[in-house]
Amino acid sequence: MKIIADIDIPDLDFLFGSDDDLQCMSGREITPDLVRDADVLLVRSITKVDKRLLEGSNIKFVGSATAGIDHIDVNYLRIRGINFSYAPGCNANAVVQYVLSVFCRLRANWRGLSVGIIGCGNIGGRLYRTLKALKVKTSVYDPFLKESLIPDLNSFEETLGCDIISLHTPFTNDGNYPTSGLINEKVIRILASGSLLINTGRGGIIDSHPLLDRLRKKNDISVALDVWDSEPNISVALAEKADIATGHIAGNSYEGKRRAAAMLRRSYIKWRSDDSLESHVIKHTPQAIHIKNMRDPINAIILSAYDVLEDDLEFRMAVLGDKNVGNAFDRYRKNYRTRYEFSHYLVSPSSETDAYLEALGFPKTKLMSTKPL
1074 MKIIADIDIP DLDFLFGSDD DLQCMSGREI TPDLVRDADV LLVRSITKVD
1124 KRLLEGSNIK FVGSATAGID HIDVNYLRIR GINFSYAPGC NANAVVQYVL
1174 SVFCRLRANW RGLSVGIIGC GNIGGRLYRT LKALKVKTSV YDPFLKESLI
1224 PDLNSFEETL GCDIISLHTP FTNDGNYPTS GLINEKVIRI LASGSLLINT
1274 GRGGIIDSHP LLDRLRKKND ISVALDVWDS EPNISVALAE KADIATGHIA
1324 GNSYEGKRRA AAMLRRSYIK WRSDDSLESH VIKHTPQAIH IKNMRDPINA
1374 IILSAYDVLE DDLEFRMAVL GDKNVGNAFD RYRKNYRTRY EFSHYLVSPS
1424 SETDAYLEAL GFPKTKLMST KPL
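Numbering (our numbering), first residue to last: 1074 to 1446.
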């Protein structure tokens, strides 16, 4: 099998390279000429997979190492009879942990505030369950769900009235509930002063112009943005006004990326109907965190495992300071540091934190000895 793959999908040689002709390159360099005589295409969100790319090709299997599929023309693949697989939920833990880190940095008292979740699929649902376990007041808006599944299901307007609003919808232009421009000028105008708006969904969910206008004129709400209109050519002006700005890395964890690659591998094996193509497991050694004498140990533990301000600072230095923002944005994502999920860290037990650690995603393990972080 000839496989064309995005070079930034991890472990490709290990997962696909032994029995196949594997050719890796930047996702933005994948062209119709390159895929014409290939059998398999493996991509990330930066590669648009549609008729323009695949017409006349020999592609029989497309895999996307992503949780979202708005870059994939699924209908075209279905018409062509091309098998398709992606990785829903692969990055849910990482995105939730990003959001929690934003909470800690911008609203240290977040456990006493109300959180509105717009979109309650793999990621929004994971955030909802985490917050419920932590006894945080929540409101959920998702027109595709029923109250029997989510007791805190409310209207869009009610959910927008929360102290913190976190966006987790896919990007859609059609259907009964399109999300393109969901957070439009009217919505931005009625957001309560002092509220916090977080977007880790898709950039087009928010109408950037009225948001920038409110931040310039009033600057009375807090904003954390990880996704942007027209990536990689983002609005520098909006990024500079945001309280936290990062470059589409909320779900970019060591575990999440490898989870996605492994999910594609399993789908590929199933498509090949070849049990001899064994699955592979990649392991790593946990790291200890020891927190003591902290006024707020929960926030301290979260920020010790992952501090979003480190990524915000790197983003501002590496991207916003570059004349070619688009290239700098792609380079920032390509060279993003290794970031582990909370499950990688062992936290020394204490009566103050034991009840919360498992809900946050830390392993339930007692340490014999630890070193302060």
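We put the beta carbon where it would ideally sit given N, CA and C, even for glycine.
On a predicted model such as this, the values are computed, not experimentally measured, just so you know.
Check                                                                                                                              : Outcome
At least three beta-carbon pairs within less than 8 Å, the stretch 1259–1269 to the stretch 1285–1298                              : yes
Inter-residue spacing [alpha-carbon to alpha-carbon] between residue 1160 and residue 1334                                         : 8 Å
Other residues of its chain near residue 1306: CB distance less than 8 Å, five sequence neighbours each side excluded              : 1398, 1399 and 1402
For residue 1507, the first and last residue of its enclosing alpha helix (DSSP H)                                                 : Outside the shown range of the chain (1074 to 1446) lies residue 1507, about which nothing can therefore be said.
CB-CB length for residue 1177 against residue 1372, believed under 8 Å                                                             : 4 Å
Cβ-based neighbour list, residue 1328, same chain, cut-off 8 Å, excluding 5 preceding and 5 following                              : 1166, 1167, 1413, 1414, 1416 and 1417
Under the three-state DSSP convention, the category residue 1157 falls into                                                        : strand
Beta-carbon contacts of residue 1129 that lie in its chain and below 8 Å, excluding the five residues immediately before and after : 1105 and 1109
Three-way DSSP call (helix, strand, coil) for residue 1325 in this model                                                           : coil
C-beta atoms of residue 1189 and residue 1238 nearer than 8 Å                                                                      : yes
CA nearest to the CA of residue 1112, picked from 1211, 1163, 1133 and 1099                                                        : 1133
N- and C-terminal bounds of the alpha helix (DSSP H) containing residue 1261                                                       : 1258–1263
Residues near residue 1075 in its chain [Cβ-Cβ closer than 6 Å; skip 5 each side]                                                  : 1094, 1111 and 1112
Inter-stretch contact (C-beta, 8 Å, three-pair minimum) for the stretch 1274–1287 and the stretch 1297–1314                        : yes
Sequence-distant residues of its chain with Cβ nearer than 7 Å to residue 1316 (five each side left out)                           : 1179, 1295, 1296 and 1297
Classification of residue 1330 by the beta-carbon crowding that lies within 10 angstroms, buried from 16 upward                    : buried
First through last residue of the beta strand (DSSP E) which encompasses residue 1186                                              : No beta strand (DSSP E) holds residue 1186; DSSP gives it neither H nor E.
CB-CB length for residue 1107 against residue 1078, believed under 8 Å                                                             : At roughly 11 Å, the Cβ-Cβ gap does not stay under 8 Å, so residue 1107 and residue 1078 are not in contact.
Simplified DSSP state of residue 1429, which is helix, strand or coil                                                              : helix
Simplified DSSP assignment, three categories, for residue 1172                                                                     : helix
C-beta contact flag for residue 1432 and residue 1242 at 8 Å                                                                       : no
For residue 1236, three-class secondary structure by DSSP                                                                          : coil
For residue 1240, the nearest candidate out of 1201, 1395 and 1225 (CA to CA)                                                      : 1201
Where residue 1092 sits in the DSSP three-state scheme                                                                             : coil
Residue 1228 to residue 1212 span [Cα, whole Å]                                                                                    : 9 Å
Whole-Å CB distance - residue 1121 paired with residue 1149, under 8 Å assumed                                                     : That pair is no contact at about 11 Å.
Counterpart residues of residue 1211 in DSSP-defined beta bridges                                                                  : 1188
Nonlocal neighbours in the same chain, by C-beta distance under 6 Å from residue 1332, ignoring five residues either side          : 1163
Rounded C-alpha distance that separates residue 1259 from residue 1088                                                             : 48 Å
Residue 1272: first and last residue of the uninterrupted beta strand (DSSP E) it sits in                                          : 1269–1272
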